[in-house]
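> Counting in numbering that gives the first Met the number 0, the sequence shown runs from 0 upward without gaps. C-beta: ideal position from N, C-alpha, C; glycine also. Handing you this structure, nothing more for now.
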Amino acid sequence: MVKYTPFSDEAVLVEFGKRIAGYRLNNNWTQAELANRAGVSKSTVEHIEKGQSTQLLNMVKILRALGLLNQFISIVPELGPSPMELLMQSKNQQKNKRKRASKPRNNTQRQASSFDSPNDFSETSIAAESKSKWVWDEDK
0 MVKYTPFSDE AVLVEFGKRI AGYRLNNNWT QAELANRAGV SKSTVEHIEK GQSTQLLNMV
60 KILRALGLLN QFISIVPELG PSPMELLMQS KNQQKNKRKR ASKPRNNTQR QASSFDSPND
120 FSETSIAAES KSKWVWDEDK
(Lines of atoms letter the chains of each structure in order from A and count residues from 1; the text may use other names and numbers.)
(Lines give C-alpha, C1' and ligand atoms only; values in the text may rest on other atoms or scores of the structure.)
Protein backbone atom coordinates (compact mmCIF):
# COMPACT_ATOMS: atom_id res chain seq x y z
CA MET A 1 0.00 0.00 0.00
CA VAL A 2 1.34 3.45 -1.02
CA LYS A 3 1.32 6.10 1.66
CA TYR A 4 0.31 9.55 0.37
CA THR A 5 1.77 12.53 2.18
CA PRO A 6 1.33 16.11 0.98
CA PHE A 7 4.72 16.15 -0.74
CA SER A 8 5.38 12.50 -1.48
CA ASP A 9 6.37 11.57 -5.01
CA GLU A 10 3.12 9.71 -5.51
CA ALA A 11 1.02 12.65 -4.31
CA VAL A 12 2.83 15.00 -6.69
CA LEU A 13 2.20 12.64 -9.64
CA VAL A 14 -1.50 12.32 -8.75
CA GLU A 15 -1.88 16.12 -8.52
CA PHE A 16 0.01 16.57 -11.78
CA GLY A 17 -2.25 14.03 -13.50
CA LYS A 18 -5.38 15.82 -12.25
CA ARG A 19 -4.12 19.11 -13.64
CA ILE A 20 -3.27 17.57 -17.03
CA ALA A 21 -6.78 16.09 -17.17
CA GLY A 22 -8.24 19.49 -16.27
CA TYR A 23 -6.42 21.27 -19.10
CA ARG A 24 -7.41 18.51 -21.53
CA LEU A 25 -11.08 18.83 -20.57
CA ASN A 26 -10.86 22.63 -20.73
CA ASN A 27 -9.89 22.21 -24.41
CA ASN A 28 -12.80 19.76 -24.89
CA TRP A 29 -10.42 17.00 -26.00
CA THR A 30 -10.75 13.31 -25.35
CA GLN A 31 -7.78 11.34 -24.12
CA ALA A 32 -7.42 9.95 -27.65
CA GLU A 33 -7.37 13.46 -29.16
CA LEU A 34 -4.69 14.63 -26.72
CA ALA A 35 -2.68 11.48 -27.40
CA ASN A 36 -2.94 12.07 -31.16
CA ARG A 37 -1.90 15.75 -30.87
CA ALA A 38 1.00 14.87 -28.58
CA GLY A 39 2.19 11.89 -30.59
CA VAL A 40 1.86 9.42 -27.72
CA SER A 41 -0.45 6.47 -27.09
CA LYS A 42 -3.83 6.83 -25.40
CA SER A 43 -2.64 4.56 -22.59
CA THR A 44 0.22 7.01 -21.88
CA VAL A 45 -2.32 9.81 -21.38
CA GLU A 46 -4.39 7.52 -19.14
CA HIS A 47 -1.33 6.65 -17.03
CA ILE A 48 -0.35 10.30 -16.61
CA GLU A 49 -3.87 11.37 -15.63
CA LYS A 50 -4.03 8.54 -13.05
CA GLY A 51 -0.78 9.79 -11.49
CA GLN A 52 1.33 6.90 -12.68
CA SER A 53 4.96 7.33 -13.63
CA THR A 54 5.89 7.94 -17.26
CA GLN A 55 8.90 8.96 -19.30
CA LEU A 56 9.78 12.63 -19.17
CA LEU A 57 9.78 12.79 -22.98
CA ASN A 58 6.11 11.76 -23.04
CA MET A 59 5.32 14.44 -20.45
CA VAL A 60 7.08 17.06 -22.59
CA LYS A 61 5.05 16.01 -25.63
CA ILE A 62 1.76 16.25 -23.73
CA LEU A 63 2.64 19.62 -22.19
CA ARG A 64 3.59 20.93 -25.64
CA ALA A 65 0.23 19.78 -27.06
CA LEU A 66 -1.58 21.56 -24.19
CA GLY A 67 0.49 24.75 -24.68
CA LEU A 68 2.08 24.42 -21.23
CA LEU A 69 5.68 23.65 -22.15
CA ASN A 70 7.00 27.16 -21.36
CA GLN A 71 5.51 27.03 -17.86
CA PHE A 72 7.04 23.60 -17.33
CA ILE A 73 10.49 24.80 -18.40
CA SER A 74 10.24 27.84 -16.12
CA ILE A 75 9.95 25.55 -13.09
CA VAL A 76 13.74 25.25 -13.07
CA PRO A 77 15.21 28.74 -13.55
CA GLU A 78 18.43 29.34 -15.42
CA LEU A 79 21.52 29.55 -13.31
CA GLY A 80 23.31 32.85 -13.05
CA PRO A 81 27.06 33.13 -13.40
CA SER A 82 29.12 31.19 -10.86
CA PRO A 83 31.14 33.08 -8.24
CA MET A 84 34.32 32.30 -10.20
CA GLU A 85 32.81 33.72 -13.41
CA LEU A 86 31.77 36.88 -11.53
CA LEU A 87 35.30 37.25 -10.19
CA MET A 88 36.82 36.86 -13.65
CA GLN A 89 34.36 39.40 -15.09
CA SER A 90 35.25 41.96 -12.42
CA LYS A 91 38.97 41.44 -13.05
CA ASN A 92 38.46 41.92 -16.80
CA GLN A 93 36.46 45.09 -16.17
CA GLN A 94 39.23 46.47 -13.97
CA LYS A 95 41.81 45.76 -16.68
CA ASN A 96 39.70 47.48 -19.31
CA LYS A 97 39.06 50.64 -17.30
CA ARG A 98 40.45 53.78 -18.85
CA LYS A 99 43.65 54.87 -17.21
CA ARG A 100 44.34 58.54 -16.78
CA ALA A 101 47.46 60.03 -18.23
CA SER A 102 49.94 61.05 -15.58
CA LYS A 103 50.95 64.65 -15.19
CA PRO A 104 54.14 65.40 -17.17
CA ARG A 105 57.20 65.89 -14.99
CA ASN A 106 59.07 69.17 -15.02
CA ASN A 107 62.45 68.87 -16.73
CA THR A 108 64.72 70.43 -14.16
CA GLN A 109 68.48 70.39 -14.31
CA ARG A 110 70.01 67.26 -12.97
CA GLN A 111 71.77 67.37 -9.65
CA ALA A 112 75.32 66.07 -9.33
CA SER A 113 74.16 63.05 -7.31
CA SER A 114 71.60 61.87 -9.86
CA PHE A 115 73.82 60.58 -12.66
CA ASP A 116 72.43 57.55 -14.43
CA SER A 117 75.70 56.05 -15.63
CA PRO A 118 79.43 56.65 -15.27
CA ASN A 119 79.47 58.17 -18.76
CA ASP A 120 77.32 61.03 -17.46
CA PHE A 121 79.99 62.02 -14.97
CA SER A 122 82.22 64.39 -16.90
CA GLU A 123 83.80 67.79 -16.45
CA THR A 124 81.39 69.44 -18.84
CA SER A 125 78.27 68.19 -17.07
CA ILE A 126 79.54 69.30 -13.65
CA ALA A 127 80.62 72.68 -14.99
CA ALA A 128 77.27 73.16 -16.67
CA GLU A 129 75.48 72.41 -13.43
CA SER A 130 77.54 74.76 -11.32
CA LYS A 131 77.41 77.36 -14.11
CA SER A 132 81.10 78.02 -13.76
CA LYS A 133 84.11 76.55 -15.45
CA TRP A 134 85.81 73.83 -13.53
CA VAL A 135 89.44 74.20 -12.65
CA TRP A 136 92.00 72.33 -10.59
CA ASP A 137 92.83 73.77 -7.21
CA GLU A 138 96.48 74.26 -8.28
CA ASP A 139 95.40 76.32 -11.27
CA LYS A 140 93.65 78.86 -9.10
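Go to Lys17, then tell me how far its alpha helix (DSSP H) extends in each direction, as first and last residue.
Against the sequence shown, residue 17 aligns to sequence position 18. Looking at the DSSP string, the run of the alpha helix (DSSP H) that includes Lys17 is Asp8 to Asn25.
> According to the neighbour-count rule (16 or more other Cβ atoms, all chains shown, within 10 Å of its Cβ), is Lys60 buried or exposed?
Translated into positions along the sequence shown, residue 60 becomes position 61. It counts as buried.
> Using CA atoms only, rank isn't needed, just tell me which of Pro82, Leu62, Ser81 and Ala20 is closest to Ser73.
Residue mapping note: residue 73 aligns to position 74 of the sequence shown, counting from 1. For Ser73, the nearest C-alpha among the options comes from Leu62.
> What residue from Lys17, Asn25, Ala10 and Thr53 has the CA that sits closest to Gly66's CA?
For the purposes of this step, residue 66 is taken as residue 67 along the sequence shown, with counting starting at 1. It is Asn25 whose Cα lies nearest to the Cα of Gly66.
> Taking a contact to mean a Cβ-Cβ separation below 8 Å, would you say Ala64 touches Arg18 in this structure?
Against the sequence shown, residue 64 aligns to sequence position 65. Against the sequence shown, residue 18 aligns to sequence position 19. In this structure, Arg18 does not lie closer than 8 Å to Ala64 by Cβ.
> When the Cα atoms are used, what is the spatial distance from Glu32 to Ser52?
What you label residue 32 is simply residue 33 of the sequence shown in a count that begins at 1. What you label residue 52 is simply residue 53 of the sequence shown in a count that begins at 1. Glu32 and Ser52 have their C-alpha atoms spaced approximately 21 Å apart.
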